[in-house]
Amino acid sequence: AGEDPIVAADGRSLARALRVAGQVEPVFVEDVAELPARALDLVKDGDVLLCMGAGSIGRAPAQIVQLAGAAAEPQA
Numbered sequence: 014a015g016e017d018p019i020v021a022a023d024g025r026s027l028a029r030a031l032r033v034a035g036q037v038e039p040v041f042v043e044d045v046a047e048l049p050a051r052a053l054d055l056v057k058d059g060d061v062l063l064c065m066g067a068g069s070i071g072r073a074p075a076q077i078v079q080l081a082g083a084a085a086e087p088q089a
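In my numbering, the protein residues as written are 14 to 89.
Next up, the structure:
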């Protein structure tokens with residue numbers, strides 16, 4: 014978004030901090046283009062998937078829903 018990066022204020026650092034806290038096991042996806050398929054591989058009924066950030070991450074929720082809908086369609 015144009016700001017100077019803040020050291021250790023990134024997704025990988027957040028995932029590491031969550032892992033160290035021991036409450037959840039986060040999954041870090043380096044390439045946002047891989048997120049929709051990776052999310053569908055991991056989430057189960059009742060899970061909460063949180064997509065936060067600026068830029069290209071904003072498209073991820075719609076892509077996940079679209080991919081999930083395609084996966085749910087009966088195969089002929």
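For glycine and all other residues, C-beta sits at the position ideal for the given N, C-alpha and C.
Please read all numbers here as calculations on a predicted model, not as lab measurements.
Identify the continuous alpha helix (DSSP H) that holds residue i and give its terminal residues.
i, result
"R29", "24-34"
"V42", "Per DSSP, V42 belongs to no alpha helix (DSSP H) and is neither H nor E."
"I77", "73-85"
In whole angstroms, give me the CA-to-CA distance for residue i and residue j.
i, j, result
"C64", "Q76", "12 Å"
"V33", "S26", "11 Å"
Below 8 Å on the Cβ atoms is my guess for residue i versus residue j; work out the distance and round it to an integer in Å.
i, j, result
"P18", "A28", "Contact doesn't hold; Cβ gap of about 17 Å is too wide."
If distances are taken between C-alpha atoms only, which option among the options comes closest to residue i?
i, options, result
"G24", "G35, G66, E16, E47", "G66"
"V37", "L62, G82, A73", "L62"
"V42", "A83, I70, A85", "I70"
"G15", "V56, G68, V78", "G68"
For a quick check, are the C-beta atoms of residue i and residue j less than 8 Å apart?
i, j, result
"L80", "A46", "no"
"A73", "L48", "yes"
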